[in-house]
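K.L.:
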């Protein structure tokens, strides 16, 4: 029989009466809430997100147990059920295997996923992306009025990287300005022309986007809940946007944004010269040479 202090018993009994359930049911409910807000809750949330990304046949409690060096799945099964407390050493191994912040997993401190800030959203960004040899690159725009952007790189070994260039893809500018947009337009044009990595663009619901760039949501799981869009393919292409062959706008103000950015590029000597170097193939050849150098060194 469970013994508890009188005051706690009275508190639970009162809550049970308000919720029209037995005292035992109230205790079970409180235990479930406690488990889901602690280490067990973080483990379960993390496993669910990874299963969305990889599939349950690629990540499960038993697969995780084997991955962190357990002889059998039983201890981790007990941990996930809340019947056994995981040691800090075990949680460190799980964090490393699942590629999350160990302090978050152990103590709830910080965010689970790493976010890397990008200092340059122009041509140097393309060299960075090409140099890291990602299998696929995802460019994501929030569907908010400001159109914040982030970049996700997916690698062949199940690794990934989230980049936050801290910029808006809209004329409702919070940061950067038209020069930053012009630099990013040239970067997208070069990335498209180089065609050295699969690159896709997406539109993401704003609250989910905010979770991703805070490091609270797995970016690849969030992509599965988002809408594929073609904005990367042509937002930098003024001729296409101005032609009868143009596709429907990707968001309100899309065509106006594209035309405004193009005008700015043509009025800015540095950006205009950059554009000519892309069109001539000069920068594309530099990208290809850099990738060949990196590949030959690995």
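Numbering (the numbering used here), first residue to last: 70 to 367.
For every residue, glycine included, the Cβ atom is placed at its ideal position computed from N, Cα and C.
No experiment lies behind these values; they were computed from the predicted model shown.
1. Here's the rule: buried if 16 or more other CB atoms are within 10 angstroms of the residue's CB, otherwise exposed. What is residue 301?
2. Give the C-beta separation of residue 195 and residue 238 to the nearest angstrom, bearing in mind that I take them to be a contact with Cβ-Cβ under 8 Å.
3. Run through the stretch 163–249 for me and flag every whole alpha helix (DSSP H) of 4 or more residues, listed as ranges in chain order.
4. So if DSSP puts residue 268 in a beta bridge, which residue, or which two residues, is it bridged to?
5. What separation, rounded to the nearest whole angstrom, lies between the Cα atoms of residue 295 and residue 353?
6. Going along the chain, which residues of its own chain have a beta-carbon closer than 7 Å to the beta-carbon of residue 104, five neighbours each way excluded?
7. In this structure, does DSSP put residue 252 in helix, strand or coil?
8. Suppose you measure from the CA of residue 184 to the CA of residue 230; what does that come to, to the nearest Å?
9. Is residue 219 closer than 8 Å to residue 282 when the C-beta atoms are compared?
10. Is the stretch 162–175 touching the stretch 263–277, taking contact as three or more C-beta pairs under 8 Å?
11. Could you check which residue in 313, 108, 337 and 268 has the C-alpha nearest to that of residue 154?
12. Am I right that residue 256 and residue 191 are in contact with their C-beta atoms under 8 Å? What's the rounded C-beta distance?
13. Smallest Cα separation from residue 205: which of 225, 130 and 188?
14. Judging by CA-CA distance, which residue of 112, 164, 349 and 120 is the nearest neighbour of residue 146?
15. Quick check: the Cα distance between residue 119 and residue 235, rounded to an integer number of angstroms?
16. Which class does residue 315 belong to by DSSP, given the choice of helix, strand or coil?
17. Closer than 6 Å by C-beta to residue 304: which residues in its own chain qualify, once you throw out the five before and the five after it? Chain order, please.
18. Between the alpha carbons of residue 253 and residue 170, how many angstroms are there, rounded?
P.N.:
Inspection of the coordinates gives the following:
1. buried
2. That pair is no contact at about 16 Å.
3. 171–176 and 192–200
4. 206
5. Computed Cα separation, rounded: 31 Å.
6. Only weak support is given to the placement of residue 104: the predicted model assigns it a pLDDT of 43, under 50, and the question is left unresolved by the model.
7. helix
8. Going by C-alpha positions, residue 184 is about 8 Å away from residue 230.
9. Yes; because the gap between Cβ atoms is below 8 Å, this pair is in contact.
10. no
11. 108
12. 5 Å
13. Comparing alpha carbon positions, the residue from 225, 130 and 188 closest to residue 205 is 225.
14. 112
15. 26 Å
16. Reduced to three states, the DSSP call for residue 315 is coil.
17. 327
18. 30 Å
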